[in-house]
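Engineer: The sequence shown begins at 0 in numbering that gives the first Met the number 0 and counts up by one.
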Amino acid sequence: MAAQPVSRMLRRVLRSSVRSCSSGAPVTQPQPGEPSQPAVEPLLSQVPSGRRRFLREHAAPFSAFLTDSFGRRHSYLRISLTEKCNLRCQYCMPEDGVPLTPKADLLTTEEILTLARLFVKEGVDKIRLTGGEPLIRPDVVDIVAQLHQLEGLRTIGITTNGISLARLLPQLQKAGLSAINISLDTLVPAKFEFIVRRKGFRKVMEGIHKAIELGYSPVKVNCVVMRGLNEDELPDFVALTEGLPLDVRFIEYMPFDGNKWNFRKMVSYKEMLDTLRQQWPELEKLPEEESSTAKAFKIPGFRGRVSFITSMSEHFCGTCNRLRITADGNLKVCLFGNSEVSLRDHLRAGASEEELLSVIGAAVGRKKRQHAELFSMCQDSPPAIPSISFRDSLHVQGLRHRVSFSSQMVTLWKGGRLPQIPLLAQRWLGSGLPQRHYGSHLDSDANPKCLSPEPRAPATPSGPLPTSDQLTHVDREGQAAMVDVGGKPDTERVAVASAVVLLGPVAYKLVQENQLKKGDALVVAQLAGVQAAKLTSQLIPLCHHVALSHVQVQLELDSTRHAVVVRASCRARGPTGVEMEALTSAAVAALTLYDMCKAVSRDIMLAEIKLVSKTGGQRGDFHRT
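1) Could you name each continuous beta strand (DSSP E) segment of 3 residues or more that falls completely within the region 90 to 147, going from the start of the chain to the end?
2) Relative to the C-alpha of Ser568, which residue among Val340, Ser600, Ala531, Asp594 is closest?
3) Tell me Phe621's beta-bridge partners as DSSP assigns them.
4) Quick check on the DSSP output: what are the complete beta strand (DSSP E) runs of length 3 or more inside the region 542 to 588, in order along the chain?
5) Put Cys222 into one of helix, strand or coil per three-state DSSP.
6) Work out the CA separation of His561 and Val664 for me, nearest whole Å.
7) Compute the Euclidean distance between the alpha carbons of Leu76 and Asp141, then round it to the nearest angstrom.
8) Just list the residues that DSSP pairs Ser182 with in beta bridges.
9) Grab me the residues of Phe191's own chain with a C-beta within less than 7 Å of its C-beta, minus the 5 sequence neighbours each way, in chain order.
10) Return the chain-ordered list of same chain residues with a C-beta closer than 7 Å to the C-beta of Val599, the five sequence neighbours on each side being excluded.
11) List the residues that DSSP assigns as beta-bridge partners of Met604.
12) At the level of alpha carbons, what is the spacing between Leu152 and Lys219?
13) Quick test of your reading: Lys198 and Ala165, contact by CB under 8 Å. State the CB separation rounded to the nearest angstrom.
14) Per DSSP, Asn513 is paired with what?
15) Any contact of the region 239 to 249 with the region 292 to 311, i.e. 3+ C-beta pairs under 8 Å?
16) Would you call the CB atoms of Ala362 and Val332 closer than 7 Å?
17) When you compare the CB positions of Phe136 and Thr81, do they come within less than 7 Å of one another, or not?
18) Would you report the Cα separation of Ala524 and Ile603, rounded to the nearest angstrom?
19) Let me check understanding here. Comparing Cα to Cα, which of Glu121, Glu230, Ser182 lies closest to Asp273?
20) Tell me the DSSP bridge mates of Ser79?
21) Determine, using beta-carbon pairs with one atom in the region 607 to 615 and one in the region 533 to 548, whether at least three such pairs fall under 8 Å.
22) Buried or exposed: which applies to Glu232, given that a residue is buried once 16 or more other Cβ atoms fall within 10 Å of its Cβ?
23) Sorted by chain position, which residues of the same chain lie with C-beta nearer than 7 Å to Gly616's C-beta, five sequence neighbours on each side aside?
24) Please look up how many angstroms separate the CB atoms of Thr113 and Thr158, rounded, as I've assumed it's under 8 Å.
25) Below 8 Å on the Cβ atoms is my contact criterion, and I expect Val247 with Cys222 to pass it. Report the Cβ-Cβ distance as a whole number of Å.
26) Judging by CA-CA distance, which residue of Leu171, Asp235, His622 is the nearest neighbour of Gly206?
27) For Ser497, count the other beta carbons within 10 Å of its own beta carbon; 16 or more makes it buried, fewer makes it exposed. Which is it?
28) Using DSSP with H/G/I as helix, E/B as strand and the rest coil, what is Ile250?
29) From Leu65 to Ala144, what does the alpha carbon distance come to, in whole angstroms?
30) Per DSSP, Gly156 is paired with what?
31) Can Leu592 and Val563 be called in contact, C-beta distance under 7 Å?
32) Please report how far the alpha carbon of Arg365 lies from the alpha carbon of Ser62, in whole angstroms.
33) Give the range of the beta strand (DSSP E) segment to which Lys366 is assigned.
34) Pick helix, strand or coil for Thr535, following the three-state DSSP scheme.
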């Protein structure tokens, strides 16, 4: 007779009509006139009393071994196929990677399938394959195919960085893969390389394209949101859901070993939602699915949707139905917990199915109500810095060379069954970076909301900047003091600053040819300049916080001096100027170039850090001649 989940056995035990159990152990039928005494004590005794009581009260048609003391039924299993990854995402692992477990200590394919069969037999109906990067494993297609044969398994998903997805997805789909999550934290190619410390943006885009082409809907895109790095791109991600069947999932930045987590880097769910509602006030919440980790929203008329994974600010521990098996065979009942039990060791010691279930049941029984230590760390921390709103934020939509984009990738999206995608999507499917001349500004004719490459000149010539005979940041007692700008009118402010980095011939050639071991110096310096402008008030004590509406950082090579010329432009509307933002941006970009090149030469000089021009404000405009 076919084996059945242990929970069904227990349910029938309680009704005195048990006939079989998940282990296949015989159960005796009572003779007429005899009391019902099913022979199930060996298994029943392995279930803690608290969970037995819960099962009696609720008559749960689910495995006792996968139901914890709080009544949570774990029907979702995540299996890590490998510890290896072909990227080095800054929030995930150190730049040098992590020590890898010896191959002999990792689960074999047969061990993975043995455990999967056992969990599915007990009621797991969804398995997600993870890593590392699961598509690195050579037999991943075969594993999916064999999982697909398991009766009762309804969903086989995979979480991938997308680098190898376009190549493998047709085979994976034929094998039975039914759900895809793709990690993507930026729509800016240069920033992608900065975040993951590797190239591959185009391959990820091809993977998303292939998933849509093959009919996966929705294609889930996971975006870890980090303050000062990509929170300004939230509206750009949402715009993609207008014409594409995407579920863009914004994930609160979470702590992991080696990622140097800091509460100030975390952007909360409510903060993200407030930002998006400024542009899309009609954003509506969708009903929450049972045991879902995501809070889903949709913009009426949009094809896709937006979700938020609120692991830090609003935990979902009370409905958690997930268990995890690591690549080396350890069972984790909580992602944030340190407690693990080795199923691999029991398997290799010849443990029976009943013994494995006992080990699994004991681990599940120890699962806590919530990962309390993590939340106390998050909630006891000082409040995070308020984010800049979308309307006033630095909105860098593309970091690239200032030449026209190739239409090669756009053609892929236009052809066949795919819908026409928004202009933004065409932008981030652009060509490579062949020229060593960078600017953080999109062509003004490509997007009417973008500013022109250079600050607009005033309508009429202005005189020199009026000077003051007193320092404005010092009070009457000579103490440092911030200027009160509360009574000043809001005006359009623009400032341009520049700096020169004299590299010398050796470092200059390496930068020109993009041959530095640390990576693309111009791209990294450009990103540093953009971030510095946003953080000026945190670096310069008496500067006001300014909600920047635009930042542009350009770096040009000067072969006559073996130098890089940095030019930073900042724009905002407010009661105070943006000169310091522009100067900080140019200076930090120059310092970053020094840091990228210092291993090649110590004879590098930073020079000519200066304000080029400023417009707006009561004290008039300034243009350096």
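Note that beta-carbon positions come from the ideal geometry of N, C-alpha and C, so glycine has one too. None of these values were measured; they are calculated from a predicted model.
Structural biologist: Inspection of the coordinates gives the following:
1) Uninterrupted beta strand (DSSP E) stretches at least 3 residues long and entirely within the region 90 to 147 occur at 125 to 129, given in chain order.
2) Per the Cα distances, Ala531.
3) Per DSSP, Lys613.
4) Look at the region 542 to 588 and you find these whole runs of beta strand (DSSP E), each 3 residues long or longer: 547 to 557, 562 to 573.
5) DSSP places Cys222 in strand when its eight states are reduced to three.
6) The question about residue 664 has no answer, for the chain in this structure spans 0 to 624.
7) Their Cα atoms are separated by approximately 18 Å.
8) Paired residues: Asn221.
9) Same-chain partners within the cutoff: Thr185, Phe200.
10) Cβ within range, chain order: Val505, Ala506, Leu509.
11) Note: Met604 sits in a beta bridge opposite Leu501.
12) Cα to Cα, Leu152 sits roughly 20 Å from Lys219.
13) The pair is not a contact, with the Cβ atoms about 15 Å apart (cut-off 8 Å).
14) DSSP output for Asn513 lists no bridge partner at all.
15) Yes, the region 239 to 249 is in contact with the region 292 to 311.
16) Yes. Within cutoff.
17) In the sequence as displayed, the identity of residue 136 is Arg instead of Phe. Yes. Within cutoff.
18) Approximately 15 Å, taken between the alpha carbons.
19) The residue with the shortest Cα to Cα distance from Asp273 is Glu230.
20) For Ser79, which the question treats as bridged, DSSP gives the partners Thr129.
21) Because the criterion of three Cβ pairs below 8 Å is not met, the region 607 to 615 and the region 533 to 548 do not touch.
22) In summary, Glu232 is buried, with 16 or more beta-carbon neighbours lying within 10 Å of its beta-carbon over all protein chains present.
23) Excluding sequence neighbours, Gly616 sits near Thr490, Arg492, Gly576.
24) Between the beta-carbon of Thr113 and that of Thr158 there is about 22 Å, and that puts the pair past the 8 Å contact cut.
25) About 6 Å; that satisfies the 8 Å criterion.
26) Residue nearest to Gly206 within the set Leu171, Asp235, His622 is Leu171 (criterion: CA-CA distance).
27) Ser497 sits buried, since 16 or more C-beta atoms from the chains shown fall within 10 Å of its C-beta.
28) In this structure, Ile250 counts as strand in the three-state DSSP scheme.
29) Rounded to the nearest whole angstrom, the CA to CA distance from Leu65 to Ala144 is 25 Å.
30) Answer is Arg127, Ala178, bridged to Gly156.
31) Val563 is positioned such that its CB atom lies closer than 7 Å to that of Leu592.
32) Looking at the two C-alpha atoms, the distance is approximately 16 Å.
33) Lys366 -> no beta strand (DSSP E), and no H or E assigned at all.
34) In the three-state DSSP reduction, Thr535 falls in the helix class (H, G or I).
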